[in-house]
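A short write-up of the structure that comes next.
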Amino acid sequence: MHILIAPNAFKHALDAREVARAIERGLLASKLPCSCECFPIGDGGNGTCALIMEKLQGEIVELVVNDPIGRPISATFGLIQGGQIAVIEMADASGLHLLKSNELDPLRANSYGTGQLVKGALELGVSEVIIGMGGSATTDGGSGILAALGLRFLDEAGQEITELPLGLEKLHRVDRSAMDKRLVDCKLTILCDVTNPLLGELGAARVFGPQKGATPEMVGRLESILTRYAEVIHAETGVSISGIVSGGVAGGASAGLYGVWGAHLVNGIEYFLNLTQFGKSLEKSDLVITAEGSIDSQTLQGKGPYGVAKQAKHLGLPVVGLAGRIPMAITADLSAYFDVLMAIAHGPCSLADALPATSNDLSRVATQIGNLIANTVKR
Numbered sequence: 001m002h003i004l005i006a007p008n009a010f011k012h013a014l015d016a017r018e019v020a021r022a023i024e025r026g027l028l029a030s031k032l033p034c035s036c037e038c039f040p041i042g043d044g045g046n047g048t049c050a051l052i053m054e055k056l057q058g059e060i061v062e063l064v065v066n067d068p069i070g071r072p073i074s075a076t077f078g079l080i081q082g083g084q085i086a087v088i089e090m091a092d093a094s095g096l097h098l099l100k101s102n103e104l105d106p107l108r109a110n111s112y113g114t115g116q117l118v119k120g121a122l123e124l125g126v127s128e129v130i131i132g133m134g135g136s137a138t139t140d141g142g143s144g145i146l147a148a149l150g151l152r153f154l155d156e157a158g159q160e161i162t163e164l165p166l167g168l169e170k171l172h173r174v175d176r177s178a179m180d181k182r183l184v185d186c187k188l189t190i191l192c193d194v195t196n197p198l199l200g201e202l203g204a205a206r207v208f209g210p211q212k213g214a215t216p217e218m219v220g221r222l223e224s225i226l227t228r229y230a231e232v233i234h235a236e237t238g239v240s241i242s243g244i245v246s247g248g249v250a251g252g253a254s255a256g257l258y259g260v261w262g263a264h265l266v267n268g269i270e271y272f273l274n275l276t277q278f279g280k281s282l283e284k285s286d287l288v289i290t291a292e293g294s295i296d297s298q299t300l301q302g303k304g305p306y307g308v309a310k311q312a313k314h315l316g317l318p319v320v321g322l323a324g325r326i327p328m329a330i331t332a333d334l335s336a337y338f339d340v341l342m343a344i345a346h347g348p349c350s351l352a353d354a355l356p357a358t359s360n361d362l363s364r365v366a367t368q369i370g371n372l373i374a375n376t377v378k379r
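With full-length UniProt numbering applied, the sequence shown corresponds to residues 1 to 379, in that order.
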């Protein structure tokens with residue numbers, strides 16, 4: 001039996017590679033005679049672009065850029081397809097992990113450093129830029145990225161606003177005249193792992209702002225800033241960004257880049273699986289195992305395990321889903337994609353206790369799956 005292991009990361013516990021290896025260890029320790037292929041996946045969240053680079057054997061380019069609060073740091077981007085496509089992980093330059101807890105301030109954290117990476121890629125003559133938006137520390141609507149590429153934000157007196165995003169409270173208009181001309185001939189693809197819009201109860205500020213350190217008062221100000229930002233971009237470009245699907249990704253950066261640059265907002269897992277030729281691995285497989293920290297109804301909104309299961313089901317393959325948390329009642333919608341859903345916990349425990357045990361729990365459950373299949377096959 002050949003088993004394809006295609007998990008997403010378990011947030012705060014293991015990256016996707018580590019999850020895949022843990023499952024593989026468990027299967028190989030079981031009674032089941034099997035071979036395994038580890039195919040860790042990314043759906044646009046943090047780490048997706050690193051997996052793309054690994055699969056496609058890309059070239060790494062290193063630059064000094066600004067971190068979310070303006071300090072110089074070393075960050076990288078990748079080149080694939082003979083240097084024609086740049087692959088950028090927003091978190092490398094603008095990530096939450098770059099800030100200490102006492103440095104979190106989404107009114108002042110911006111994405112300028114990611115824009116510097118884009119500019120570096122343009123200098124090398126790329127025809128397309130792919131950005132994985134997961135793990136950002138920012139709620140600036142992509143204003144930092146756009147500023148690095150030459151967009152000027154002006155107040156009512158015509159003075160340039162440089163403190164982003166806080167200064168956008170005074171935003172009156174934007175000036176595109178100095179924007180990098182190479183953007184016209186360069187396609188921008190944004191990998192999205194959520195469908196939240198820019199504004200509103202499910203928007204960037206209200207849903208994701210608190211995860212980046214926003215207090216309730218900050219959330220209100222950020223919502224006002226992004227609302228004004230959307231109005232001004234609409235007035236300048238004629239493009240409405242306030243309600244587009246996935247406009248809330250990375251603190252609204254996807255919306256801003258859609259409005260000003262014409263970015264293509266795509267489902268991250270579908271794009272990843274197609275780019276990395278996941279289908280070829282599926283064709284050689286008898287069973288697919290996928291995994292994520294939680295598999296539930298939200299998974300079916302375009303998360304990694306859903307993308308894996310959807311493609312597997314097109315080929316009639318059985319799919320096992322492993323997760324730290326699954327619903328008490330498995331719905332028909334979930335059952336249509338996952339033949340088996342299993343929680344990996346070894347017993348009732350707190351999240352603090354569960355996280356360090358994730359690797360062992362995955363291996364233990366994988367061994368039991370292998371043993372069950374082996375005993376079934378014998379009969």
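Note that CB positions come from ideal geometry on N, CA and C, so glycine has one too.
- Restricting attention to 20, 2, 180, 8, the CA atom closest to the CA of residue 360 is found in 20.
- Taking the C-beta atoms as reference points, residue 110 is found nearer than 8 Å to residue 140.
- Residue 24 is classed as buried because its beta carbon has at least 16 other beta carbons within 10 Å across all chains shown.
- Per DSSP, the beta-bridge partners of residue 325 are 294.
- The bridge partners DSSP lists for residue 284 come to none.
- In the structure shown, the three-state DSSP call for residue 110 is coil.
- Contact annotation: residue 129 and residue 188 have beta-carbon atoms nearer than 8 Å.
- Per DSSP, residue 10 lies in no alpha helix (DSSP H) and is assigned neither H nor E.
- The continuous beta strand (DSSP E) containing residue 72 extends over residues 72–80.
- In this structure, residue 16 and residue 42 form a Cβ contact; the two beta carbons are roughly 6 Å apart against a cut-off of 8 Å.
- Assigned with DSSP and collapsed to three states, residue 154 falls in strand.
- Ranking 49, 239, 13 by CA distance to the CA of residue 275 puts 49 first.
- Distance from the CA atom of residue 300 to the CA atom of residue 344, rounded to whole angstroms, is 20 Å.
- Residue 233 is a Cβ neighbour of residue 256, given a cutoff of 8 Å.
- Judged by their CB atoms, residue 213 and residue 104 are nearer to each other than the 8 Å cut-off.
- DSSP, read as helix, strand or coil, puts residue 349 in coil.
- Straight-line spacing of the CA atoms in residue 342 and residue 180 works out to 50 Å.
- Note that the C-beta distance between residue 58 and residue 370 is not below 8 Å.
- The C-beta separation of residue 36 from residue 28 comes to about 7 Å, placing the pair in contact by the 8 Å criterion.
- DSSP lists 77 as the bridge partner or partners of residue 61.
- Leaving aside the five residues that flank residue 281 on each side, the residues in its chain whose CB is nearer than 7 Å to its CB run, in chain order, 4, 37, 39.
- In the displayed model, residue 135 falls within coil according to three-state DSSP, outside both helix and strand.
- Less than 8 Å divides the Cβ of residue 98 from the Cβ of residue 67.
- Spanning the alpha carbons of residue 312 and residue 123 requires a straight line of approximately 40 Å.
- Under the three-state reduction of DSSP output, residue 196 falls in the coil class, being neither helix nor strand.
- Looking at the DSSP output, residue 53 sits in no beta bridge, so it has no partner there.
- Secondary-structure assignment with DSSP links residue 189 through a beta bridge to 130, 264.
- With fewer than 16 neighbouring CB atoms inside 10 Å of its own CB, residue 102 falls in the exposed class.
- If you look at residue 89, you'll find it in the beta strand (DSSP E) that goes 85–89.
- Close CB contacts of residue 265 within its chain, under the 8 Å cut and outside five residues either way in sequence, are with 190, 192, 244, 245, 246, 247, 249, 254, 258 (chain order).
- Pairing residue 324 with residue 160, the inter-Cα distance amounts to about 48 Å.
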